[in-house]
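Once you know that position 330 of the sequence shown is 345 in my numbering, the rest is easy, because the numbers rise by one and skip nothing. Here the structure is laid out as structure tokens; the discussion comes afterwards.
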Amino acid sequence: MYLLAPNTLSLPHSQPFFICMAENLPVPPASPRSRPTGRPVCKYGPKKKRQQHHNLVCSYQERHDVIQYYGTHGMGATLSKFYTNLSTTSRETQRKKIYQWLVKKAHIAVVYNADQTAVNYEYLPTKTINDVGEKTSWVKCGGKTKERVTAMVLANSAGTKHPLFLIPRTTKSKVKAVVQENLVERQGFGKRLWESVEPMEAKFNCRVYGNPTAWWNGSISLSFLEFHFSERPDHDTKPVLLLWDDFSAHWTEEVVAYATSINVVLVMFPPRFTWICQPADVAWNRPLKSRLRDKWIDLLRQQIRRSKTMKTQFKVQAPSRAIVISWITSVWTDLPESTIINGFRVCDLLMVKQLKPLMTVAVEAVINPTSDIDNCDEINESELL
């Protein structure tokens with residue numbers, strides 16, 4: 016039996032001690048318990064569930080249901096139905112996974128992306144911002160500030176660039192029979208104008224269609240699919256995936272039916288998200304238009320030097336249709352293959368291991384911020400006088 020006795024012995028620090036009644040010997044006190052190291056344990060609330068797996072694998076049934084639902088409702092509705100509690104980043108990641116499921120399901124080896132963009136005849140701004148009360152600042156222009164050419168670019172995940180489809184503005188005939196004849200025989204152009212347009216197609220390796228709005232339509236979509244995909248040698252056995260935006264002319268009943276007949280799988284980008292998930296908007300269009308603006312600036316400087324040499328009053332002359340078409344085709348031809356591939360890589364639309372030797376340039380490296388289309392090139396003031 017042990018009893019706690021008062022401190023009758025001279026022990027240091029006046030610590031209590033135990034006395035064994037049998038042997039009448041003091042027992043030293045126990046050493047203090049050491050404090051636990053590390054983060055203190057939370058006593059309140061439920062404990063976090065331990066993660067069982069690092070990566071969660073989706074079942075076959077889930078992938079099948081998602082793909083079937085996507086085919087009838089689209090990407091936005093699919094994500095909202097099956098993945099409701101995802102953040103913006105997780106939602107974008109899941110969208111890319113669904114695209115990969117579609118590619119694997121159809122046994123697709125090549126992915127294409129097509130996108131139309133407007134190319135202006137002039138890149139000089141016609142408006143200035145000044146304080147109230149200042150005099151009007153007149154800006155010289157060539158009179159074609161509203162003229163444009165629509166360019167449809169097409170490339171695949173292997174870095175291959177295909178011929179452009181260009182749509183300049185043309186005047187519509189007042190006779191319906193002539194309009195139909197021009198559409199069927201001369202791609203929308205009149206007889207005289209077609210004589211100058213037809214040689215351009217062979218010279219610059221492109222297709223040129225004309226209409227009064229200089230914009231894309233359903234009939235040109237059919238011609239686009241027929242020109243690029245109907246004559247490929249393995250179209251009966253190997254499907255291809257074509258990604259483009261939700262423009263109405265891309266999704267008419269005739270276009271979808273014809274794409275199915277030539278074994279082309281059409282996939283729509285979510286509306287208002289092409290800037291982050293379409294390779295053309297991510298990596299192609301910015302350097303393309305930046306180089307186009309450089310060509311326009313070079314033309315403007317040539318006109319300034321010519322007027323100074325001839326000692327005549329300077330007058331801006333807009334480029335002709337032939338010059339604009341030559342600019343677009345040359346810039347598209349000179350666009351590096353690495354830029355095309357990196358667009359697909361950033362959007363997770365290709366196998367990185369297979370194309371790793373080709374991807375030696377980052378997306379940021381192919382874009383020169385100093386030559387961005389939104390920046391103004393500095394021109395010597397003496398050239399403008």
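Yeah, the Cβ is synthetic: ideal placement off N, Cα and C, and Gly gets one too. Just so it is clear, the structure is predicted and the values come from calculations on it, not from any experiment.
query = From the DSSP output, which residues share a beta bridge with ALA12?
reply = Since the first and last residues shown for the chain are 16 and 400, residue 12 lies out of range.
ask   = Are the Cβ atoms of GLN318 and GLN332 separated by less than 8 Å?
value = Walking along the sequence shown from the start, residue 318 turns up at place 303. Walking along the sequence shown from the start, residue 332 turns up at place 317. Result yes, Cβ atoms of GLN318 and GLN332 sit closer than 8 Å.
key: Within-8 Å CB hit, SER276 to chain C   = Absence of chain C from the displayed structure is noted, only one protein chain being present.
key: For VAL72 and PHE180, the rounded distance between their alpha carbons   = Position 165 of the sequence shown holds residue 180. Position 57 of the sequence shown holds residue 72. Roughly 42 Å separates the two Cα atoms.
ask   = For ILE277 versus LEU307, is the C-beta distance shorter than 8 Å?
value = Mapped onto the sequence shown, residue 277 falls at position 262. Mapped onto the sequence shown, residue 307 falls at position 292. In this structure, LEU307 does not lie closer than 8 Å to ILE277 by Cβ.
query = Does DSSP put ASN357 in a helix, a strand or coil?
reply = As a first step, residue 357 must be located in the sequence shown, where it is residue number 342. Correct three-state label for ASN357: helix.
ask   = Do three or more CB pairs link the stretch 253 to 272 to the stretch 133 to 149 at distances below 8 Å?
value = no
query = Given that a residue counts as buried once 16 or more other Cβ atoms are within 10 Å of its Cβ, and exposed if not, what is LYS304?
reply = As a working note, residue 304 is residue 289 in the sequence shown. Buried, because 16 or more other Cβ atoms sit within 10 Å of the Cβ of LYS304.
inquiry  = Let me check one thing: in DSSP terms, what residues is ASN171 bridge-paired to?
reply    = Start at 1 with the first residue of the sequence shown, and residue 171 comes out as number 156. Looking at the DSSP assignment, ASN171 forms a beta bridge with TYR127.
query = Rounded to a whole number of angstroms, what is the C-alpha to C-alpha distance between ARG321 and ASP260?
reply = Your numbering for residue 321 matches position 306 in the sequence shown. Your numbering for residue 260 matches position 245 in the sequence shown. One C-alpha to the other measures close to 44 Å.
Nearest candidate by alpha-carbon position, reference PHE244, set THR275, ASN300, THR143 and LYS206 = Locating residue 244 in the sequence shown gives position 229, where the first residue counts as 1. Closest option to PHE244, Cα to Cα, is THR275.
Test item: CB-CB of LEU350 and TRP299 under 8 Å = Indexing the sequence shown from 1 puts residue 350 at position 335. Indexing the sequence shown from 1 puts residue 299 at position 284. Going by C-beta atoms, LEU350 is nearer than 8 Å to TRP299.
Boundaries of the alpha helix (DSSP H) in which ARG321 is found, first to last residue = Reading the sequence shown from its first residue, position 306 is the one you call residue 321. Here the alpha helix (DSSP H) through ARG321 covers 300 to 325.
task = Please list, in chain order, all residues of the same chain as LEU237 whose beta carbon is under 8 Å from its beta carbon, the five residues on each side excluded.
result = By 1-based counting over the sequence shown, the position of residue 237 is 222. Only GLU269, VAL270 and TYR273 meet the Cβ criterion.
query = What are the start and end residues of each continuous beta strand (DSSP E) run of 3 or more residues lying completely inside the stretch 204 to 231, in chain order?
reply = 221 to 223
request  = State the start and end residues of the unbroken beta strand (DSSP E) segment that holds TRP259.
outcome  = In the sequence shown, the residue the question calls residue 259 occupies position 244. First-last of the beta strand (DSSP E) with TRP259: 255 to 259.
query = Residue range of the beta strand (DSSP E) that LEU281 falls in?
reply = Here residue 281 is taken as the residue at index 266 of the sequence shown, counted from 1. That run of the beta strand (DSSP E) goes 279 to 283.
request  = Determine the burial state of GLY158: buried for a count of at least 16 other Cβ atoms within 10 Å of its Cβ, exposed for fewer.
outcome  = By one-based count along the sequence shown, residue 158 stands at place 143. By the 10 Å Cβ count, GLY158 comes out exposed.
key: Buried versus exposed call for GLN328 [16 or more other C-beta atoms within 10 Å across all chains shown]   = Mapped onto the sequence shown, residue 328 falls at position 313. Burial call: exposed.
task = Output the boundary residues of the alpha helix (DSSP H) element that contains VAL193.
result = Counting from one through the sequence shown, the residue named residue 193 turns up at place 178. 191 to 200 is the extent of the alpha helix (DSSP H) around VAL193.
key: Assigned exposure category for HIS265 - 16 Cβ within 10 Å defines buried   = Counting from 1 along the sequence shown, the entry for residue 265 is found at position 250. Under this definition HIS265 is a buried residue.
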